[in-house]
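Numbering (full-length UniProt numbering), first residue to last: 1 to 443.
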């Protein structure tokens with residue numbers, strides 16, 4: 001799919017798969033039948049979540065409808081798992097076997113609802129887990145599927161919190177997907193940008209007491225009136241503006257793939273009072289976590305220079321980081337084989353290339369895969385727009401979601417059944433760990 005030339009209504013949207021032979025076509029047939037049998041239920045679930053958008057850490061409605069759905073389909077469900085709005089649904093068959101993890105996101109965006117398509121990500125996780133369950137039963141496969149409901153992807157780092165609390169420890173691999181603008185029946189295995197969130201607060205002085213004697217009494221008079229005695233103040237707003245300007249200059253000397261963007265705000269500001277407090281919030285992005293780690297000190301120097309120039313006290317807070325996606329090569333190859341055979345092309349360029357996700361941290365911790373899938377959008381109606389929320393609720397978006405879910409479920413079953421494939425999954429993960437170490441040394 002091409003971000004430069006998005007899909008338009010009327011395009012030939014279904015090029016069709018190649019029809020090449022895939023691993024365990026009998027299992028894939030079972031997966032397709034299982035997902036198709038749930039089509040109407042999944043559509044209702046998606047539209048229900050879309051109609052009830054909830055912000056990060058507030059996904060109570062989505063939590064309840066998703067856990068009810070999984071309980072209805074014979075999963076062992078633990079609500080409020082490790083976090084208030086997180087949950088987990090498990091199903092095991094036979095003795096022993098490996099464990100495949102799946103993720104469902106649930107949160108929406110302020111003002112624009114499900115403009116990143118998390119309603120589709122939620123039902124994709126459900127579809128993948130239910131399809132794998134049906135394959136385990138019908139083909140007598142020993143193994144476990146674990147569906148994790150993950151809150152607060154949009155700025156809250158919900159998966160990172162769950163990772164730190166051990167939610168991914170028993171998974172041998174983990175799968176999920178994400179919609180993006182593009183032709184239906186297309187998928188992408190691009191990476192995405194690593195992101196570091198930084199909060200920088202500037203503390204100045206609005207008023208400084210000047211003591212004088214009036215009628216034999218010592219009286220403190222407030223100074224630092226913005227016009228009467230500005231030399232008595234320390235202007236935190238000036239510090240924030242200076243930091244913003246410094247970073248604007250820094251942007252000229254960073255790589256084209258780097259992103260630095262932020263906002264600043266204050267409280268009780270008035271034109272005739274020198275502001276004594278300003279808070280700035282910044283995102284620093286790069287293609288790898290190693291690049292972001294190297295860029296971060298240069299950004300923080302912009303804050304320090306502003307603090308020095310304005311005599312304001314600086315307080316820097318690490319507000320968390322999302323790593324880049326490390327798509328597991330073996331899992332990607334297995335997914336690509338199925339998707340291209342049955343549905344359409346897979347690229348390694350577009351998808352959510354210039355966005356960021358907390359699933360990146362999961363790909364650093366264990367073998368994992370996060371394909372993007374194309375859904376039709378109107379012109380300039382990409383992710384994080386109201387138009388994309390409508391696209392994510394469209395029939396075409398639903399069909400695209402179920403297609404990618406079928407290919408992901410087939411990949412998950414292969415992890416459970418094909419020892420050679422799983423060994424390759426582990427091998428490519430270990431190779432990428434060594435690559436990350438080399439990238440960190442070079443940054």
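Here a beta-carbon is modelled for each residue, glycine too, at the ideal position from N, C-alpha and C.
- [ ] Would you list the residues sitting across from residue 178 in a DSSP beta bridge?
- [x] 372, per the DSSP bridge assignment.
Open item on the list: Rounding to the nearest angstrom, what Cα-Cα distance links residue 26 and residue 111 in this structure?
Closed with: Taking the straight line from one Cα to the other gives about 45 angstroms.
TODO: Tell whether a beta-carbon distance below 8 angstroms holds between residue 356 and residue 193.
DONE: Yes. Within cutoff.
Open item on the list: Here's a check: name, in chain order, each residue in its chain whose Cβ is nearer than 7 angstroms to the Cβ of residue 132, leaving out the five neighbours to either side.
Closed with: These residues qualify, in order along the chain: 100, 145, 409, 412, 413.
Task: Expected contact under 8 angstroms - CB spacing of residue 362 and residue 168 to nearest Å - done: About 6 angstroms; that satisfies the 8 angstroms criterion.
- [ ] Return the chain-ordered ranges of every beta strand (DSSP E) run that is complete within the region 253-338 and spans a minimum of 3 residues.
- [x] The DSSP assignment places complete beta strand (DSSP E) segments of no fewer than 3 residues inside the region 253-338 at 259-266, 277-286, 313-322, in order along the chain.
Open item on the list: Looking at residue 86: is its Cβ nearer than 8 angstroms to the Cβ of residue 155?
Closed with: It is not a contact, given that the beta carbons lie outside the stated cut-off.
TODO: Report the rounded CA-to-CA distance for residue 152 versus residue 230, giving the unit in angstroms.
DONE: About 44 angstroms.
Open item on the list: Please classify residue 235 as buried or exposed, where buried requires at least 16 neighbouring CB atoms within 10 angstroms.
Closed with: So residue 235 counts as buried.
Open item on the list: Do residue 389 and residue 163 count as a contact pair if the criterion is CB distance below 8 angstroms?
Closed with: In this structure, residue 389 does not lie closer than 8 angstroms to residue 163 by Cβ.
Open item on the list: What does DSSP give as the partner residue(s) for residue 450 in the beta ladder?
Closed with: Any question about residue 450 goes unanswered here, given that the chain covers just 1 to 443.
Open item on the list: Which same chain residues end up closer than 8 angstroms to residue 80 when comparing Cβ atoms and leaving out the 5 residues on each side of it in sequence?
Closed with: Same-chain partners within the cutoff: 63, 86, 87.
Task: Start-end ranges of the beta strand (DSSP E) lying completely within the region 353-407, minimum 3 residues - done: Contiguous beta strand (DSSP E) elements confined to the region 353-407 occur at 372-375, taking only those with 3 or more residues.
Task: Touch test, the region 270-278 against the region 234-249, Cβ-Cβ under 8 angstroms, three pairs minimum - done: Output reads yes: the region 234-249 touches the region 270-278.
Open item on the list: Once the 5 residues before and after residue 170 are set aside, which same chain residues still bring their CB inside 6 angstroms of it?
Closed with: Excluding sequence neighbours, residue 170 sits near 99.
Task: Rounded C-alpha distance that separates residue 290 from residue 437 - done: C-alpha separation (whole angstroms): 9 angstroms.
Open item on the list: Tell me the DSSP secondary structure of residue 196 in three-state form.
Closed with: Strand, per DSSP.
Open item on the list: Contact defined as beta carbons within less than 8 angstroms: I believe residue 107 pairs with residue 54. What is the distance between those atoms, to the nearest angstrom?
Closed with: With a Cβ gap of about 6 angstroms, residue 107 and residue 54 count as contacting.
- [ ] Specify, as a first and last residue, the run of the beta strand (DSSP E) that residue 90 falls within.
- [x] Bounds of the beta strand (DSSP E) holding residue 90 are 87-93.
TODO: Counting only the same chain and skipping the five closest in sequence on each side, list residues whose C-beta sits under 6 angstroms from that of residue 345.
DONE: Excluding residues within five positions, the ones whose Cβ falls inside 6 angstroms are 186.
Task: Exposure of residue 95, with buried meaning 16 or more beta-carbon neighbours within 10 Å - done: It counts as exposed.
Task: Burial state of residue 382, where buried means 16 or more other Cβ atoms lie within 10 Å - done: Buried, by the Cβ-count rule.
Task: Helix, strand or coil at residue 451 [DSSP, three-state] - done: Here the chain has residues from 1 to 443 only, and residue 451 is not among them.
Task: As assigned by DSSP and simplified to three states, the class of residue 418 - done: Coil, per DSSP.
Task: Secondary structure of residue 105, DSSP reduced to three states - done: It is a strand residue.
Task: Distance between beta carbons of residue 288 and residue 134, contact taken as under 8 angstroms - done: Approximately 38 angstroms separates the beta-carbon atoms of residue 134 and residue 288; this is outside 8 angstroms, ruling out the contact.
Task: Euclidean distance between Cα positions of residue 250 and residue 198 - done: So the two alpha carbons sit approximately 16 angstroms from each other.
Task: Spatial distance of residue 353 from residue 191 (CA atoms) - done: Going from the Cα of residue 353 to the Cα of residue 191 covers about 6 angstroms.
TODO: Tell me, to the nearest whole angstrom, how far the beta carbon of residue 70 is from that of residue 89; I am working on the premise that it is less than 8 angstroms.
DONE: Going by Cβ atoms, the distance from residue 70 to residue 89 rounds to 4 angstroms, so yes, they are a contact pair.
Task: Own chain partners of residue 125 with C-beta closer than 7 angstroms, once the 5 adjacent residues on each side are dropped - done: 102, 103, 104, 147, 176, listed in sequence order.
Task: Rounded separation between residue 309 and residue 278 - CA only - done: In this model, residue 309 and residue 278 are separated by some 15 angstroms (Cα to Cα).
Open item on the list: Pop quiz: residue 331 and residue 369 are said to be a contact at Cβ under 8 angstroms. What is the actual Cβ separation, rounded to whole angstroms?
Closed with: Contact flag correct, Cβ pair sits at about 4 angstroms.
Open item on the list: If you measure between the beta carbons of residue 372 and residue 200, is that distance less than 8 angstroms?
Closed with: No, Cβ-Cβ distance for residue 372 and residue 200 is not below 8 angstroms.
Task: DSSP-derived helix/strand/coil call for residue 144 - done: Reduced to three states, the DSSP call for residue 144 is strand.
Open item on the list: Once the 5 residues before and after residue 335 are set aside, which same chain residues still bring their CB inside 7 angstroms of it?
Closed with: Same-chain partners within the cutoff: 369, 371, 407, 408, 411.
Open item on the list: Restricting to Cα atoms, I'd like to know which of 320, 429, 428, 421 is closest to residue 23.
Closed with: Considering only alpha carbons, the answer is 421.
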